[in-house]
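Shown next, in structure tokens, is the structure this report addresses.
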Amino acid sequence: MSQSSIRVIATGTFDVVHAGHQFFLREAKKLGNWLGVIIARDETVEKIKGARPMHNEVTRKCDIEQLGIADTVVIGNSGDKYKIIEELRPDIIALGYDQRSFTNNLTEELRQRGIFVQVVRIAAFQPETYKSSKIKKVLHGGKP
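Take any residue in the sequence shown, note its place counting from 1, add 26, and you have its number in my numbering.
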């Protein structure tokens, strides 16, 4: 398979977009020639992280679009989390260094749906500085 035909997707919350997110998306884009980004729904973020994101899903989608790195940016499905992956048909799924939700059985779940992907974990970019939870803490005056 030539690199010109490799579709990559990256997923995440992308709340308070920072240099770490930009690094992640640029590295994901290098894995192929097309990058799709799936933005986590507000209710999904609340369920996983225990709190709603600072910015709603539409704002977060716009923030990622404005970076100009991704070829397409979509908001994930409310019910079946894997449905949007089926629709985008990636060759590679890029995960952040700290992404754990929906990753344990990701390859197997997609295989059962007839989607065979390579899962690649992207290294951290200065996580002591560029981690959303730390940035939010600073924005909230030291409170989580």
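Using N, Cα and C, we set each Cβ at its ideal position, and we do this for glycine too.
Item to complete: Assign PHE142 to one of two classes, buried (16 or more other C-beta atoms within 10 Å of its C-beta) or exposed (fewer than that).
Response: Stepping through the sequence shown from its first residue, residue 142 is reached at position 116. Exposed is the call here.
Fill in: Given THR70 as reference, the closest of THR39, LYS87 and LEU51 once Cα atoms are compared
Taking the sequence shown and counting its residues from 1, the one referred to as residue 70 is at position 44. Of the listed residues, the one whose Cα sits closest to THR70 is THR39.
Worksheet item: Between ILE118 and the rest of its own chain, which residues show a CB-CB distance below 7 Å, the 5 nearest in sequence each way excluded?
Response: Residue mapping note: residue 118 aligns to position 92 of the sequence shown, counting from 1. Listed in chain order, the non-local C-beta contacts of ILE118 below 7 Å within the same chain comprise ILE32, VAL34, LEU57, GLY58, VAL143, GLN144 and VAL146, local neighbours out to five positions each way being set aside.
Discussion item. For the structure I just gave you, are there three or more beta carbon pairs, one from the segment 59-67 and one from the segment 96-112, closer than 8 Å?
Written reply: Yes: at least three Cβ pairs fall under 8 Å.
Discussion item. Suppose the cutoff is 7 Å on Cβ atoms and the five residues either side in sequence are ignored; what does the same chain contact list for HIS173 look like?
Written reply: One cannot answer for residue 173 here, as it falls past the ends of the chain, which runs 27 to 170.
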